[in-house]
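What the sequence shown shows, in the working numbering, is residues 11 to 457, in sequence order. Glycine residues also receive a C-beta, built at the ideal position from the N, C-alpha and C atoms. In what follows, a structure is listed as structure tokens, so that the remarks can point back to it.
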Amino acid sequence: MGNGPAIAAYIAETSRRALPPEVADMARLCLADWLGVAIGAADEPAGHIVRKVAAGWHSEGPSTILFGGTAAAPFAALANGTLAHCLDFDDTYVKAITHTSAPVWAATLALGEEVGADEPAMLSAFVTGFETAARIGDGLGEPVSARGWHGTGVFGRLGAAAAASALLRLNAEQALHALGAAATQTGGLTASFGTMAKPFHAGKAAMDGVVAAQLAAAGFTAATGLFEPGGGLDTALVQDRSVTFASLDSPGDLSGWRILDNSFKPYAACHLTHPAVDAARALASLVAEHGGVGSIRAEIGALAQQITGGKRGEPASPLEGKFDLKYCVALGLHGHAVSAADFREPWHPDPAICAMAGKVENTVSPEMGFASARLTVEFADSCRETVHVPVAKGHPQNPMNWDDMHAKFDALVSRRLGSRSDALFELVRDFGRGDVLAEIRAMLARL
């Protein structure tokens, strides 16, 4: 059958595929995370600018733009998808190194609202979008990132197109053309990390996915062989062909649920900093006890060094700070939660934190992967402590649960909603089990 037709058939069967309870629950957890980080980004300049520009297009449509107005689905998806990634605090499917929920939930909610889909249909469409992004991107996250591509702008765009195709109830042939139309718009560069363009990757992926599905529904056609091993998309991303798409056309290739391996962030910084931050926070209580810090050695993976390790520890903006491993380690050693509050405008980083960041020496270790790090601190009194983090908090092997998510959600949302934050969280937790979306919209309208 081939990869493309197999994935397209999977998308077309969305309405006939029952979600196991644990999968539906994980989709709700993704929604809680998505909404929390989007609301928490209310004051972020990138989100404000995109919302303002989208509103200026004066599109007619019923799809909600968070913090103001409605628009046609593609424009709402753009605004909300950008907002959900502004804090760089949203979930990650590690094998594809893709912030999947930001574009896929943005596309699902915007188009779902436009076509009048019910909550179970939106939940199923989101899962289809997530699974599509994850299956196409499985194993390609690190090689694609190492070559300068942002997985969210690649695989997240395909996930958004799949979710939108499911909501429009496209047949398999139409869904394949929607995926092709989304794939040819692939974009997002890691060189843009630490700038407003990074969250724009997620918003544009959401928008492009919706547009691709709408075009396919109207009869638009695109290349259909892009998803085969060596078929075009993989060889464009990894031009030395050292890695290609895996085969997805055999029985069982599309079975199981990749969403159960999703990873959530306890820290509002690049995921690659998290294991080192875990280690730093574990050592924070010892800093004062030993009279301060003499030197810090961070053993990290090669990708962590490439994306976050080359900075000096003196970020010029909050966005830069999120991608500065030395600065994030220093925050952790100072006892900070490394939360959204640590990366807000106006930006006046603590000189003491920058000074400690200057003491961090990064070393690439083949023992360290995406979610692992080792931190050795020599204190001012010459005592030395080492903490090895084999799996960072939030990784599927060290997961965040609903209680963890509630705490994260409240910290982000209570700044806007106060005590109503708990009520909104419980509504999200019931999404798809009743008619709660109208109540959620009503609460969001009062933000």
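Check: Quick one: what does DSSP say residue 395 is sitting in, helix, strand or coil?; Outcome: strand
Check: Excluding the five sequence neighbours on either side, which residues of its own chain have a C-beta within less than 6 Å of the C-beta of residue 225, listed in chain order?; Outcome: 191
Check: Residues in the same chain with beta-carbon distance under 6 Å from residue 14, minus the five sequence neighbours each way, listed in chain order, please.; Outcome: 186, 234 and 237
Check: Return the CA-CA distance between residue 208 and residue 55, expressed in angstroms with no decimal places.; Outcome: 13 Å
Check: First and last residue of the beta strand (DSSP E) that includes residue 304?; Outcome: 303–310
Check: Buried or exposed: residue 415, going by 16 or more other Cβ atoms within 10 Å of its Cβ?; Outcome: buried
Check: Taking C-alpha atoms, which residue in 251, 79, 348 and 92 lies nearest to residue 286?; Outcome: 348
Check: What is the DSSP secondary structure of residue 370, counted as helix, strand or coil?; Outcome: strand
Check: Mind reading off the beta-carbon distance from residue 71 to residue 82? Whole number of angstroms is fine, and I expect it under 8 Å.; Outcome: 3 Å
Check: Count the other CB atoms, across all protein chains shown, that sit within 10 Å of the CB of residue 393; report buried if there are 16 or more and exposed otherwise.; Outcome: exposed
Check: Assuming contact is defined by CB atoms lying nearer than 7 Å, are residue 75 and residue 87 in contact in what I supplied?; Outcome: no
Check: Please report the residue range of the alpha helix (DSSP H) in which residue 386 lies.; Outcome: Premise fails: residue 386 lies in the beta strand (DSSP E), 383–389, not in any alpha helix (DSSP H).
Check: Quick one: Cα of residue 317 to Cα of residue 282, how far?; Outcome: 8 Å
Check: Between which residues of its own chain and residue 340 is the CB-CB distance below 6 Å, once the five residues before and five after are set aside?; Outcome: 363, 366 and 367
Check: Starting from the C-beta of residue 424, find all residues in its chain whose C-beta is less than 8 Å away, skip the five residues before and the five after it, and write them out in chain order.; Outcome: 431
Check: By how many angstroms is the C-alpha of residue 370 removed from the C-alpha of residue 123?; Outcome: 48 Å
Check: What whole-angstrom Cβ distance do residue 176 and residue 117 have, given they're in contact under 8 Å?; Outcome: The pair is not a contact, with the Cβ atoms about 10 Å apart (cut-off 8 Å).
Check: Please name the residue or residues paired with residue 199 in a DSSP beta bridge.; Outcome: 159
Check: Rounded C-beta distance between residue 311 and residue 379? I'm assuming under 8 Å.; Outcome: 5 Å
Check: Taking three-plus beta-carbon pairs below 8 Å as touching, is the region 262–273 in contact with the region 100–115?; Outcome: yes
Check: Please state whether DSSP places residue 273 in a helix, a strand or coil.; Outcome: strand
Check: Using only alpha-carbon positions, find the residue among 304, 354 and 344 that is nearest to residue 290.; Outcome: 344
Check: Quick check on DSSP: helix, strand or coil for residue 92?; Outcome: helix
Check: At which residues does the alpha helix (DSSP H) containing residue 123 begin and terminate?; Outcome: 111–125
Check: Using a Cβ-Cβ cut-off of 6 Å (strictly less than) and excluding sequence neighbours within five positions of residue 220, which residues of its own chain qualify?; Outcome: 83, 84, 87, 117, 121 and 174
Check: Determine the closest residue to residue 24 out of 57, 130, 69 and 64, with distance taken between C-alpha atoms.; Outcome: 130
Check: Sorted by chain position, which residues of the same chain lie with C-beta nearer than 7 Å to residue 19's C-beta, five sequence neighbours on each side aside?; Outcome: 182
Check: In angstroms with no decimal places, state the Cα-to-Cα distance between residue 429 and residue 132.; Outcome: 28 Å
Check: Name, in chain order, the residues that DSSP records as bridge partners for residue 431.; Outcome: Its beta-bridge partners do not exist; DSSP assigns none.
Check: Where does residue 265 fall in DSSP's three states?; Outcome: coil
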